[in-house]
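Visitor: Going line by line, the protein sequences match chains A and B. Number 2 in our numbering belongs to position 2 of the first sequence; there are no gaps in the numbering. Number 269 in our numbering belongs to position 202 of the second sequence; there are no gaps in the numbering. Structure in structure tokens, see below.
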Amino acid sequence: MIKLNLDRVMQERGISLTELAGRIDITLANLSILKTNKARAIRFTTLDAICRALQCQPGEILEFVAD
Amino acid sequence: MASVTGTLPTIFRWVFTVLAALCAFAAFVVCVAILINPHLPAGTTIGPAEGDFMGQPSSIDFHPAGGDFNLTATAFRGTISLFVRQAGGLIEVIKHYGLPVILIQMVFLTALFELLRRLFRNVGRGESFNQGTVRLVQILGGTLIVFSFVLSAVEGLFAMAVFTYFSQHAVITISGAPIHWPAGAMSWHRHGLYMPRGDGFPFGSPMFFSGLLVLALSEVFRQGVALKKENELTI
């Protein structure tokens with residue numbers, strides 16, 4: 001399965017969930033779904049906005065974990 | 068976000084609420100009639116009343132005769148006439164077989180309108196694609212199919228009782244030639260099973276096919292729910 005390491009990257013950048021939500025124009029609820037790995041899919045536009053806001057590569061956020 | 072629901076679901080919800088209430092009331096009235104079991108007062112006379120049948124003059128006459136009643140109906144200026152002796156018994160047959168048929172129909176319609184009311188309530192709330200709506204559509208389809216069988220059976224029974232009575236008590240006269248009613252609603256005919264309308268087979272009824280269509284639509288709704296869930300979890 002694909003796992004999102006958003007919380008780790010956010011911690012490294014020292015950015016809170018509310019602040020990130022404000023920067024990428026996404027609701028706190030949706031960002032929470034991403035952070036808790038409950039999302040089924042992620043749009044390229046969302047990924048682009050997160051990478052831009054956190055100044056990172058998609059590979060730093062996404063990780064493949066064998067089931 | 069702009070509202071996705073219009074006024075139509077609200078109108079339909081109210082229409083179905085009123086219709087469900089009316090049908091429930093009608094079912095109650097029929098129940099009372101069955102329990103009271105009213106009888107025609109002795110000496111009741113109806114007609115002779117003149118009317119119009121397929122654009123031609125017709126008449127009906129219901130009068131007392133020998134402690135019972137006789138019924139005479141004519142059509143096409145008297146070319147075709149129907150005479151039923153002991154017609155009081157016909158009314159009893161209609162009462163004992165017809166009223167339960169009407170009761171079942173009313174109960175069915177009440178259930179149908181109640182399901183439609185709930186369905187349009189969900190649609191009005193913008194909850195067209197959720198598990199509850201799918202369940203309602205499935206129940207609606209199932210109800211239509213079950214009642215198509217039930218109604219065909221009871222209507223067939225009613226038709227059989229009336230036709231049997233007619234075969235024993237009615238004479239049709241066409242241009243002066245008397246013809247006796249065919250025996251029974253369901254009887255073995257020379258060319259196979261002879262069955263008039265109300266034959267107990269639901270497969271030709273629109274209700275049966277409507278039920279199948281609604282069940283097919285419920286599957287569309289179920290897939291819609293799955294797509295909606297998928298979409299909701301796409302960020």
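Beta carbons are placed, not taken as given, at the ideal position from N, Cα and C, and that holds for glycine.
DSSP state of B:HIS256, grouped into three classes?
Guide: Only weak support exists for where B:HIS256 lies, its pLDDT of 44 falling under 50; the value from the coordinates is given anyway. DSSP places B:HIS256 in strand when its eight states are reduced to three.
Visitor: Mind checking if B:LEU300 is an interface residue toward chain A, Cβ cutoff 7 Å exclusive?
Guide: So, interface residue.
Visitor: Residues bridged to B:SER126 by DSSP?
Guide: B:GLU117 and B:THR141
Visitor: Compute the beta-carbon to beta-carbon distance between B:MET173 and B:ALA100, rounded to the nearest angstrom, for a pair I have assumed lies under 8 Å.
Guide: Incorrect: roughly 12 Å between the Cβ atoms, too far for contact.
Visitor: Looking at chain B, is there any beta carbon in it that lies within less than 7 Å of the beta carbon of A:THR46?
Guide: yes
Visitor: Can you give me the C-alpha to C-alpha distance between B:SER179 and B:ARG289, rounded to a whole angstrom?
Guide: What sits at residue 179 of chain B in the sequence shown is Leu, not Ser. Those two C-alpha atoms are separated by around 21 Å.
Visitor: Is A:SER16 helix, strand or coil by DSSP?
Guide: In the structure shown, A:SER16 sits in coil (DSSP, three-state: anything other than H, G, I, E or B).
Visitor: Between the segment 272-297 of chain B and chain A, which residues of the former have CB atoms less than 9 Å from a CB of the latter, in chain order?
Guide: LYS296 and GLU297
Visitor: Can you give me the start and stop residues for the beta strand (DSSP E) that B:ILE246 sits inside?
Guide: 244-247
Visitor: Can you find a C-beta in chain B that's less than 7 Å from the C-beta of A:ALA29?
Guide: no
Visitor: Only counting the same chain, and skipping five residues up and downstream in sequence, which positions put a Cβ closer than 6 Å to that of A:ALA49?
Guide: Contacts found: ILE24.
Visitor: Which whole-angstrom value describes the C-beta separation of B:ALA154 and B:LEU138, a residue pair presumed to lie in contact below a C-beta threshold of 8 Å?
Guide: At roughly 4 Å, the Cβ-Cβ gap stays under 8 Å, so B:ALA154 and B:LEU138 are in contact.
Visitor: Can you have a look at B:ALA293 and say buried or exposed, based on whether 16 or more other CB atoms are within 10 angstroms of its CB?
Guide: exposed
Visitor: Of the residues that make up the segment 38-65 of chain A, which ones have a beta carbon closer than 8 Å to any beta carbon in chain B?
Guide: LYS38, ALA39, ARG40, ALA41, ILE42, ARG43 and THR46
Visitor: My understanding is that B:LEU300 touches A:ILE33, with C-beta atoms under 8 Å, so please give their C-beta distance in whole angstroms.
Guide: For a cut-off of 8 Å, the C-beta gap from B:LEU300 to A:ILE33 is around 7 Å, short enough to register as a contact.
Visitor: Measuring straight from C-alpha to C-alpha, what distance separates B:VAL343 and B:HIS236?
Guide: The first residue shown for chain B is 68 and the last is 302, placing residue 343 of chain B beyond what the model contains.
Visitor: With distances taken Cα to Cα, identify the nearest neighbour of B:PRO124 among B:THR146, B:SER272 and B:PHE136.
Guide: It is B:THR146.
Visitor: Taking 7 Å as the threshold (C-beta atoms), are B:VAL168 and B:VAL97 in contact?
Guide: Judged by their CB atoms, B:VAL97 and B:VAL168 are not nearer to each other than the 7 Å cut-off.
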